[in-house]
Structure formats: structure tokens, C-alpha cells
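Student: Before I ask anything, here is the structure I am working with.
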Amino acid sequence: MNWSFRNLLWAVPLGLILSSPLWQGLAAEFLKPRGGYDAAAEHAYTQASQDFVMEDVVLTFSTKGQLTWTVKAKQARTGKTDREIDMMVVDAVYSKKDDDPLIVTSKTGKYQMDTQHLTLTEDVVLTKPVQQESLHTELLHYYDGIKKLVSPEAVQITGKKLNLKAGNMDYDISTKDYDFGGRVHAVM
């Protein structure tokens, strides 16, 4: 038989196929995965790998390329999901071009990335330095999509010639309009 290169091209694969019962068991044993697959351990690992805790965090938000919010927190960590950020000791500044700044402080806060919703809780103080006014409440929501601050809790606004208490409040940042609800008591 003439063993030219062309004959070897089909003879080698044919030889491997015909001899496979001899080496197939050894190859399968060698290639078998070692250890078991634990779905619970895999899930716990992926959950843990997404968690974080950071100190002295600064978050910035922009609208149409313009910086609008700068949020500083002493500590930030993953919330209930990896799309939620829990914050401790929050200082936030809203500063848009041609607008008066708003300064907000609170003990705790939460930011939900998917809905662009900032929630500030515990001793929330919103200050308008130009107007010399400050708002005090226990809960304040900021909805970036509609540019609105909402406090479903009681609020108190104090200023140079103003002392106002209300059951709740909505404040539209774009139009600077207030909407108070519940029992409202104002002294001017």
C-alpha cells in the first residue's frame, strides 16, 4: 500500500474512531469535573460579590450635561438590591446654572438607580441660603424625572419673615412652586 500524505489524511481520523473504545473511558475520566456544583453557594457568592461599603462617597447627578446635584455621604453601601445605595450622614447640594442653590442634610439616605429616586430620612434640613429659609422634616423624597421634592411627613419652614408648619409638602424645583397639604399654619 502506498502511504502518501493524502492517504494519511483520512487514515488517522479513521484510526482514532476505530480505537475509541480503548481510550474513550480514560479520556472521559480525565475530563470529568471534580467536586460538585452547589447552586446555593454559587448564588451566595454572586450576591456577596455585588455588595460594597465605601467611606466618604460623592455622587453627582446631571441633566442634559449640566451638573445638578452633588451628594456627599460619610458612608455608602449596597441596599436591598445592587441597584440601590444606602447612605449615612448625607450632605447634598442642588446647584443649577441661573438658579439659587439648595442645601440638604440628613442622617440617612437611599438612592434608587433605576427610578432616579433619592430618599432622605432622619433630621432632614433643606436650606435656601439666598432666601435665608430652612425646611425641617423627617422624610424627603426627590424625584429626578419630574424635578420634585416631596415630603409626606410634617414640615416646618422658617425664614426671616416666615414661620410655616404643614402636614406635608410638594416643591417643584423647576417652577419653585410649593404645594402644602394637611393642616397649614403660617405666621408672616
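In my numbering, the protein residues as written are 97 to 284. Each residue gets a CB set at the ideal place from its N, CA and C atoms; glycine is no exception.
Quick check on the DSSP output: the beta strand (DSSP E) that includes Gly241 runs from which residue to which?
Tutor: Per DSSP, Gly241 belongs to no beta strand (DSSP E) and is neither H nor E.
Student: Which residues in the same chain as Ser247 place their Cβ atom closer than 7 Å to its Cβ, once the five residues preceding and following it in sequence are excluded?
Tutor: Cβ within range, chain order: Thr233, Leu235, Leu236, Asn264 and Met265.
Student: If you draw a straight line from the alpha carbon of Asn259 to that of Asp178, how long is it in whole angstroms?
Tutor: If you take the alpha carbons of Asn259 and Asp178, they lie about 41 Å apart.
Student: Does the beta-carbon of Ile181 have 16 or more other beta-carbons within 10 angstroms, so that it is buried, or is it exposed?
Tutor: Ile181 is buried by the Cβ-count criterion.
Student: Specify whether the segment 191-209 and the segment 223-231 touch according to this definition: at least 3 beta carbon pairs, one from each stretch, less than 8 Å apart.
Tutor: Touching, yes, given that three or more Cβ pairs across the two stretches are closer than 8 Å.
Student: On a Cα-Cα basis, can you pick out the residue from Ala140, Ile253, Gln208 and Arg130 that is closest to Gly241?
Tutor: Minimum Cα distance to Gly241 is reached at Gln208.
Student: Please work out which residues of its chain come closer than 6 Å, Cβ to Cβ, to Val220, disregarding the five sequence neighbours upstream and downstream, and give them in chain order.
Tutor: Only Ser202, Thr233 and Leu236 meet the Cβ criterion.
Student: With Val185 as the anchor, note down where its alpha helix (DSSP H) starts and where it stops.
Tutor: Where Val185 is concerned, there is no enclosing alpha helix (DSSP H), although the beta strand (DSSP E) it sits in stretches over Glu180 to Tyr190.
Student: Tyr239: which of Thr211, Thr217 and Glu249 sits nearest, CA to CA?
Tutor: Here the closest residue by C-alpha is Thr211.
Student: Can you say whether Trp119 is buried or exposed, counting buried as having 16 or more other CB atoms within 10 angstroms of its CB?
Tutor: Per the 10 Å Cβ criterion, exposed.
Student: Using the C-alpha atoms, what's the distance from Tyr133 back to Ala188?
Tutor: If I take the Cα positions, the gap works out to 46 Å.
Student: Can you say whether Leu112 is buried or exposed, counting buried as having 16 or more other CB atoms within 10 angstroms of its CB?
Tutor: Under this definition Leu112 is an exposed residue.
Student: Note the first and the last residue of the continuous alpha helix (DSSP H) segment covering Phe126.
Tutor: Here the alpha helix (DSSP H) through Phe126 covers Ser116 to Leu127.
Student: Evaluate Ala136 with the Cβ neighbour count: other Cβ atoms within 10 Å of its Cβ, from every protein chain shown; 16 or more gives buried, anything less gives exposed.
Tutor: With fewer than 16 other Cβ atoms within 10 Å, it is exposed.
Student: Just checking my contact of Val185 with Lys170 at CB under 8 Å: how many whole Å lie between their CB atoms?
Tutor: Correct: roughly 4 Å between the Cβ atoms.
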